Amino acid sequence: FMLDKMMAEIAITLKPMIKNSVAELHLEIDDAISMTSYPGPLGQVLTNLIANASVHAFNGRQKGLITVRASQVDHDLLKLRVEDDGIGIPDELLPRIFDPFVTTKMGRGGTGLGLHIAHNITTQVLGGSITVSSQPGEGSCFELTLPLIAPVVRQSPE
372 FMLDKMMAEI AITLKPMIKN SVAELHLEID DAISMTSYPG PLGQVLTNLI
422 ANASVHAFNG RQKGLITVRA SQVDHDLLKL RVEDDGIGIP DELLPRIFDP
472 FVTTKMGRGG TGLGLHIAHN ITTQVLGGSI TVSSQPGEGS CFELTLPLIA
522 PVVRQSPE
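Taking this note's numbering, I'd label the letters of the sequence shown as residues 372 to 529.
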């Protein structure tokens with residue numbers, strides 16, 4: 372699949388959610404990136420990251436920007452970044468941000484599972500890695516490093 376086309380489809384499905392937030396979604400995806408991977412799981416990761424930013428990043432703000440950038444690093448590797456210009460992630464949450472049930476919105480619509488799921492899919496299904504960087508008041512950046520050709524997912528015997 373072509374990454375820019377898949378990302379455009381995700382943006383369409385997220386339009387109602389983004390419309391009800393202060394966020395604006397901007398895509399910077401190289402239109403030459405072709406992947407032999409799992410578009411559904413990758414879409415779930417990107418949806419979780421964008422939804423997470425729209426819910427958490429802009430508390431108390433009138434507007435915010437979420438940018439998805441993708442570039443091919445070499446012939447078999449992709450860097451995918453989901454960045455926001457929001458309030459940042461509190462320092463005390465950053466070391467455990469991918470752990471289950473970590474959220475600033477527990478009991479107010481947040482389950483704390485979105486980033487945990489994104490991490491598991493990225494590492495176990497897509498064969499990549501995910502990191503986060505954040506500065507309070509300066510936003511957050513989730514960076515995925517993914518192979519352009521995903522590993523074969525082994526099914527467990529039933």
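Beta carbons are placed, not taken as given, at the ideal position from N, Cα and C, and that holds for glycine. Predicted, not measured: the structure shown is a model, and the values here were computed from it.
Under the three-state reduction of DSSP, which class applies to residue 388: helix, strand or coil? helix
Which value, in whole angstroms, describes the spacing of the CA atoms of residue 459 and residue 408? 31 Å
Along the chain, where does the alpha helix (DSSP H) that runs through residue 461 open and close? Unbroken run through residue 461: none, as it is neither H nor E.
Residue(s) in a DSSP beta bridge with residue 445: 448
Determine which residues share a DSSP beta bridge with residue 440 and list them. 399, 452
Which residue from 375, 495, 461 puts its Cα closest to that of residue 398? 375
Between 438, 447, 429, which lies nearest to residue 454 when the distance is taken from Cα to Cα? When each option's Cα is compared against that of residue 454, the closest is 438.
If you draw a straight line from the C-alpha of residue 497 to the C-alpha of residue 432, how long is it? 34 Å
In whole angstroms, what separates the C-alpha of residue 421 from that of residue 445? 26 Å
Label residue 456 either buried or exposed according to how many other C-beta atoms from any shown protein chain fall within 10 Å of its C-beta, with 16 as the threshold for buried. buried
Please report the distance separating the alpha-carbon of residue 510 from that of residue 490. 19 Å
Quick one: residues in its chain with C-beta nearer than 7 Å to the C-beta of residue 524, no 5 flanking neighbours on either side, listed in chain order? Listed in chain order, the non-local C-beta contacts of residue 524 below 7 Å within the same chain comprise 496, local neighbours out to five positions each way being set aside.
In three-state terms, what does DSSP make of residue 466? helix
Beta bridge counterpart(s) of residue 501 as assigned by DSSP: According to DSSP, which records beta bridges pairwise, residue 501 is partnered with 515.
Between which two residues does the alpha helix (DSSP H) containing residue 484 stretch? Unbroken run through residue 484: none, as it is neither H nor E.
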